[in-house]
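Novice: Sharing a structure with you now.
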Amino acid sequence: MKPLLLKVKEDSANSFDIRHEKVPYFDNPWHYHPEFELALVLKSSGLRFIGDSIEPFGAGDLVLLGTSLPHYWRNDALYYQNKSEVAEAIILRFRSGMWGEPFFEIPEMQRINELLQRAARGIHFPVRVAELVTPLLHRIIGSEGAKRLMGWMEVFTVLAEEPEFRLLSEKTFGGNRPIEDSGRIQTVLAYIQEHLTAELRLDEAADLANMNKAAFCRYFKQQTNKTFTEVVNELRIQLACRMLLDSSRDISQIGFQCGFQDVSYFNQVFKSRKGMSPSVFRKVHTG
Numbered sequence: 247m248k249p250l251l252l253k254v255k256e257d258s259a260n261s262f263d264i265r266h267e268k269v270p271y272f273d274n275p276w277h278y279h280p281e282f283e284l285a286l287v288l289k290s291s292g293l294r295f296i297g298d299s300i301e302p303f304g305a306g307d308l309v310l311l312g313t314s315l316p317h318y319w320r321n322d323a324l325y326y327q328n329k330s331e332v333a334e335a336i337i338l339r340f341r342s343g344m345w346g347e348p349f350f351e352i353p354e355m356q357r358i359n360e361l362l363q364r365a366a367r368g369i370h371f372p373v374r375v376a377e378l379v380t381p382l383l384h385r386i387i388g389s390e391g392a393k394r395l396m397g398w399m400e401v402f403t404v405l406a407e408e409p410e411f412r413l414l415s416e417k418t419f420g421g422n423r424p425i426e427d428s429g430r431i432q433t434v435l436a437y438i439q440e441h442l443t444a445e446l447r448l449d450e451a452a453d454l455a456n457m458n459k460a461a462f463c464r465y466f467k468q469q470t471n472k473t474f475t476e477v478v479n480e481l482r483i484q485l486a487c488r489m490l491l492d493s494s495r496d497i498s499q500i501g502f503q504c505g506f507q508d509v510s511y512f513n514q515v516f517k518s519r520k521g522m523s524p525s526v527f528r529k530v531h532t533g
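FYI, in this note's numbering the residues of the sequence shown are 247 to 533.
In structure tokens:
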């Protein structure tokens, strides 16, 4: 299944949409839309899927998405089980023609134009940038008329002038996609997230997708640009990095707790992804 085309409700009174969401958990499916999207997570945690990028997210997570770039935020399991938990975010969406088609081509808009071009792969900004734009976004929500546009310009000037950012997806995605159910890939991604530290079986994932293993492997690679094993190992190594920095646990213990059944394989995968062994990684980042 391809990502779902999400139709953003148009507001004839405003040239762009901004909303402050407070929900038990983020519930949009694996989807895309023709609008650019700036997403700021204020509360909650989980995994963020953007194009072929899969990363953990938490409070202060700020990303800018280009048009037709598939994305999906899946909260940690406790948000689906505990009604007292709240997922909170500010979402700003706009079309490239909101200022008129030639506007981004004028010399004064060069940096913002370059920013929007980079957004085709998704852009992640540091937490300190999120802290700068948070009050600006709140101010836009409470504004009307020309003040909304001035607020938009202020936010995107900050983003365009920020030298520290990361591009997320290794490839870009075109906009000519059929409107199809996206539940299959969501089910598989949820299975990976919920069983990451236990044994993850390819045949079980294929069964969840109602496919044989060969068809599932082709499907998963088409959807994520990575194999099932690559995605699992990537997420496990991300978890291992956090555990190496946040605890003094033995490296072999961390490997097992992250779902690796063999310490030598854990070391091999870690070094291939990080360019150094787990012990060197811990020493470099903790002194």
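C-beta atoms are modelled at their ideal positions from N, C-alpha and C, and glycine is treated no differently.
Name the residue from D449, M355, S261, L481 whose alpha carbon lies nearest to the alpha carbon of A406.
Specialist: Selected option, being the one with the closest Cα: M355.
Novice: Roughly how many angstroms lie between the CA atoms of L315 and T418, to the nearest whole one?
Specialist: Roughly 7 Å separates the two Cα atoms.
Novice: Take every Cβ of the stretch 344-354, pair it with every Cβ of the stretch 465-472, and state whether three or more of those distances are shorter than 8 Å.
Specialist: No: the two stretches stay apart, fewer than three of their Cβ pairs being nearer than 8 Å.
Novice: Helix, strand or coil, according to DSSP, for H531 in the structure here?
Specialist: The answer is helix: DSSP assigns H531 an H, G or I state.
Novice: Indicate the three-state DSSP secondary structure (helix, strand or coil) for G306 in the structure shown.
Specialist: G306: coil per DSSP, three-state reduction.
Novice: How many Å lie between N513 and S498 at the Cα?
Specialist: When rounded, the distance between both Cα atoms is 9 Å.
Novice: Quick one, are the C-beta atoms of I369 and E480 less than 9 Å apart?
Specialist: No; because the gap between Cβ atoms is not below 9 Å, this pair is not in contact.
Novice: Give a yes or no on contact between the stretch 430-442 and the stretch 384-398, applying the rule of three or more CB pairs nearer than 8 Å.
Specialist: Verdict: no, contact absent.
Novice: In three-state DSSP terms, what is Y271?
Specialist: The answer is coil: DSSP assigns Y271 none of H, G, I, E or B.
Novice: Can you tell which of R488, S518, R482, R519 has its C-alpha closest to the C-alpha of F502?
Specialist: If we check each option's Cα against that of F502, R482 comes out closest.
Novice: Starting from the N-terminal side, write out each stretch of the beta strand (DSSP E) that is 3 residues or longer and does not extend beyond the stretch 312-365.
Specialist: Taking only runs of at least 3 residues, the beta strand (DSSP E) segments lying wholly in the stretch 312-365 are 317-321, 333-340.
Novice: Is the stretch 276-286 close to the stretch 449-461, with three or more CB pairs under 8 Å?
Specialist: Not touching, per the Cβ criterion.
Novice: Check the DSSP bridge columns for I497 and list the partner residues they point to.
Specialist: Partner(s): none; I497 has no beta bridge.
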